[in-house]
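Quick notes on the structure that follows.
Protein chains: 2
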Amino acid sequence: MTEATLRCCQNGGPPEDCMHCPLRSIALYGPAVDGKSDTLERVRSSGMVHGTRHIMVREGEIPRQVFTLFSGWAFQFHLLPDGRRQIFSFLLPGDFIGAEGLINLPANYSVQSLTRVQLCGFDAQELGRVFQENVELRERINEHFYDEVSVLTGRLIDVGRRTATERIVRLILEIEQRAKSRGLVSDQTIPFPLRQTHIADALGLTSVHVNRTINALRRAGHITFRRGSMVIENRMALQEIGGSSA
Amino acid sequence: MTEATLRCCQNGGPPEDCMHCPLRSIALYGPAVDGKSDTLERVRSSGMVHGTRHIMVREGEIPRQVFTLFSGWAFQFHLLPDGRRQIFSFLLPGDFIGAEGLINLPANYSVQSLTRVQLCGFDAQELGRVFQENVELRERINEHFYDEVSVLTGRLIDVGRRTATERIVRLILEIEQRAKSRGLVSDQTIPFPLRQTHIADALGLTSVHVNRTINALRRAGHITFRRGSMVIENRMALQEIGGSSA
DNA sequence: CGCTCTGTTGAGATTGCTCAAACCTAGTGG
DNA sequence: CCACTAGGTTTGAGCAATCTCAACAGAGCG
């Protein structure tokens, strides 16, 4: 079902040397500051590759391994006993997975890969110790959860108080924004691996309704989709619909 | 509009001495552990009383004052430009207000009193310093945001993936649970100061619909409401509807 | 007594859902 | 290279949950 897990990264994977990792400046542990930044390698357990639908973190369990998503997309979610699913947020390259493991608490949600992913894995305990020893890093943990609160409140406003069209437009705009900030956008083409059912489960809608709504946006000429990516044709219109921010 | 703010607590207010505060063991800064627990008083700026609808924290601003809610209820919310409101969660006695101020970050939401409240106020900077100096307290901050994530994900599941009845029942059960844990429940009577519009704004519904749904529960004999409080008449039935947990 | 806030209720409109079938596309195995 | 499959998208028809608008009633307050 899921692509076999390879133990070592090859072509285009993360470097052995965290200090020169292209993602280093975005990562939770931040840019290599002091000379002793190689503490990271000492703690890093391995790079790995997984296919779609691989579960990296299980809700309720204390993550023993934590990860930086090096390439590919993932998402955080909860599954109800009857199969209903709520997606909390999507993870892009550079995002950290399993931060609860750093402070020894059970994960608030499961995390699953949305595409093929390359991960940099660390032992949760050990990395947690590294974080505790450094003031800057300690603060990063706070900020991580703070940021998480911030995206959750945003999503809650969407789901609780905005129409389907508003929600979808805002999700699209948000993803464009985040993809841009990671340098994933070239030539106006924004990577967009989400299936309509992911959008539905993130926004509290039905995939059927998502389909109709998106097609309306498409027919209106505001946006174009192609094989895992999208192009925003009329940003003004979209911002108008989404209410810019607030 | 809002009751005048008194500078000093009188009858039944918090003691001068944080060490013997009845709420001490629930509070964010935890029970008085070591002998030097009086650091708190040194940092505490004042007790105060506010009427309904007093804004304690403004979204987007870094809280300069932080509080422990000593008595009364409050809620965290966001207001859209067009007046739509999303409530994120309700605050009970013992809850901390403005934790973002401890780490010098802007508040993710506004906080407003739902009833008359008594607050223990602290200077955010100073209390933040106290927290940083102590390992246990440092961890409390993490846990605070972690908990916040946990309630937000819970609410998001409700709003995104459950029916109106399910949501309302779960909110009621959750509030009973929390009120109980703070010793606010006596004689099966659970304090319930929320107006139907608060329920609506927390659960992504209309107050009209909340009204009809609640009345159905009432007519079914599952629950009773009276002047700011409620009694659960048939817990089994409610748990059945709410899906216990998960 | 006259407000204001909240809760109630009715009637009708809508958004978004359910069910179901058809269709596409990429991947798989022969 | 083709048939087949699995996962996703699209579309239609009908329905249900929830909303909107509006009016009224009851409680508490100055």
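Read top to bottom, the protein sequences are chains A and B. Per our numbering, the very first residue in the first sequence carries number 1019; after that it's consecutive. Per our numbering, the very first residue in the second sequence carries number 1019; after that it's consecutive. Using N, Cα and C, we set each Cβ at its ideal position, and we do this for glycine too. None of the values given here were measured: they were computed from a predicted structure.
Hey, out of the options, whose CA is closest to residue i's CA?
i, options, result
"residue 1134 of chain A", "A/1195, A/1072, A/1155 and A/1153", "A/1072"
"residue 1216 of chain A", "A/1042, A/1108 and A/1059", "A/1108"
"residue 1206 of chain A", "A/1115, A/1178, A/1229 and A/1252", "A/1252"
"residue 1289 of chain B", "B/1095, B/1131, B/1148 and B/1103", "Nothing about residue 1289 of chain B can be read from this structure; chain B reaches only from 1019 to 1264."
"residue 1074 of chain B", "B/1114, B/1099, B/1100 and B/1189", "B/1114"
"residue 1063 of chain A", "A/1238, A/1078 and A/1032", "A/1032"
"residue 1082 of chain A", "A/1110, A/1203 and A/1061", "A/1061"
"residue 1139 of chain A", "A/1034, A/1255 and A/1254", "A/1034"
"residue 1231 of chain A", "A/1048, A/1182 and A/1189", "A/1182"
"residue 1127 of chain A", "A/1092, A/1249 and A/1179", "A/1092"
"residue 1150 of chain B", "B/1049, B/1259 and B/1057", "B/1057"
"residue 1130 of chain B", "B/1070, B/1123, B/1146 and B/1142", "B/1070"
"residue 1214 of chain B", "B/1186, B/1040 and B/1201", "B/1186"
"residue 1246 of chain B", "B/1152, B/1238 and B/1202", "B/1202"
"residue 1257 of chain A", "A/1244, A/1233 and A/1194", "A/1194"
"residue 1103 of chain B", "A/1176, A/1155 and A/1145", "A/1176"
"residue 1191 of chain B", "B/1249, B/1036, B/1048 and B/1146", "B/1249"
Taking DSSP as the reference, what is the three-state secondary structure of residue i?
i, result
"residue 1224 of chain B", "coil"
"residue 1032 of chain B", "coil"
"residue 1019 of chain A", "Annotation note: pLDDT 36 at residue 1019 of chain A (below 50); position unreliable, coordinate value reported separately. Residue 1019 of chain A falls in the coil class under three-state DSSP."
"residue 1117 of chain A", "helix"
"residue 1038 of chain A", "helix"
"residue 1217 of chain B", "helix"
"residue 1131 of chain A", "strand"
"residue 1199 of chain B", "helix"
"residue 1206 of chain B", "coil"
"residue 1024 of chain B", "Because residue 1024 of chain B carries a pLDDT of 38, less than 50, the predicted location of this residue cannot be relied on, and the following value inherits that uncertainty. Residue 1024 of chain B: strand per DSSP, three-state reduction."
"residue 1044 of chain B", "coil"
"residue 1123 of chain A", "coil"
Report back the beta-carbon spacing between residue i and residue j to the nearest angstrom; my notes put them in contact at under 8 Å.
i, j, result
"residue 1112 of chain B", "residue 1044 of chain B", "4 Å"
"residue 1132 of chain B", "residue 1211 of chain B", "6 Å"
"residue 1116 of chain B", "residue 1067 of chain B", "With a Cβ gap of about 17 Å, residue 1116 of chain B and residue 1067 of chain B do not count as contacting."
"residue 1105 of chain A", "residue 1095 of chain A", "5 Å"
"residue 1174 of chain B", "residue 1173 of chain A", "6 Å"
"residue 1161 of chain A", "residue 1125 of chain A", "That pair is no contact at about 18 Å."
"residue 1261 of chain B", "residue 1184 of chain B", "7 Å"
"residue 1197 of chain B", "residue 1209 of chain B", "6 Å"
"residue 999 of chain A", "residue 1158 of chain A", "Because chain A spans 1019 through 1264 in this model, residue 999 of chain A falls outside it and cannot be assessed."
"residue 1243 of chain B", "residue 1236 of chain B", "7 Å"
Counting only runs that start and end within the region 1134-1197 of chain A, where is the beta strand (DSSP E) found for 3 or more residues in a row?
If we require 3 residues or more, the beta strand (DSSP E) runs fully inside the region 1134-1197 of chain A come out as 1135-1141.
What residues from the region 1170-1190 of chain A come within 7 Å of chain B, judged by C-beta to C-beta, listed N to C?
Those residues of the region 1170-1190 of chain A placed with their C-beta closer than 7 Å to a C-beta in chain B are 1170, 1171, 1173, 1174, 1175, 1177, 1178 and 1179, ordered along the chain.
Would you list, in sequence order, the uninterrupted beta strand (DSSP E) runs of no fewer than 3 residues that lie entirely inside the region 1226-1263 of chain B?
Inside the region 1226-1263 of chain B, DSSP marks whole beta strand (DSSP E) runs of 3 or more residues at positions 1241-1244 and 1247-1250, from first to last along the chain.
Determine which residues of the region 1115-1127 of chain A have a Cβ less than 8 Å from any Cβ of chain B, and write them out in chain order.
Of all residues in the region 1115-1127 of chain A, 1118, 1121, 1123, 1126 and 1127 have a Cβ within less than 8 Å of some Cβ in chain B.
Scan the region 1142-1169 of chain B for residues whose Cβ lies nearer than 8 Å to a Cβ of chain A and list them as they occur along the chain.
Listed by position, the residues of the region 1142-1169 of chain B near chain A (Cβ gap below 8 Å) are 1156, 1157, 1159, 1160, 1161, 1163, 1164, 1166, 1167 and 1168.
Which residues, taken in chain order from the region 1071-1104 of chain B, show a beta carbon closer than 8 Å to some beta carbon of chain A?
Per Cβ criterion, the list reads 1096, 1098, 1099, 1102, 1103 and 1104.
Which ranges would you report for the beta strand (DSSP E) in the region 1059-1113 of chain A if only whole runs of at least 3 residues count?
Listed in chain order, the beta strand (DSSP E) runs fully inside the region 1059-1113 of chain A are 1062-1068, 1073-1075, 1083-1089, 1092-1097 and 1103-1109, counting runs of at least 3 residues.
Mind checking the region 1214-1244 of chain B against chain A and listing, in chain order, the residues whose C-beta falls within less than 9 Å of any C-beta there?
Those would be 1219, 1220, 1221, 1222 and 1223, in chain order.
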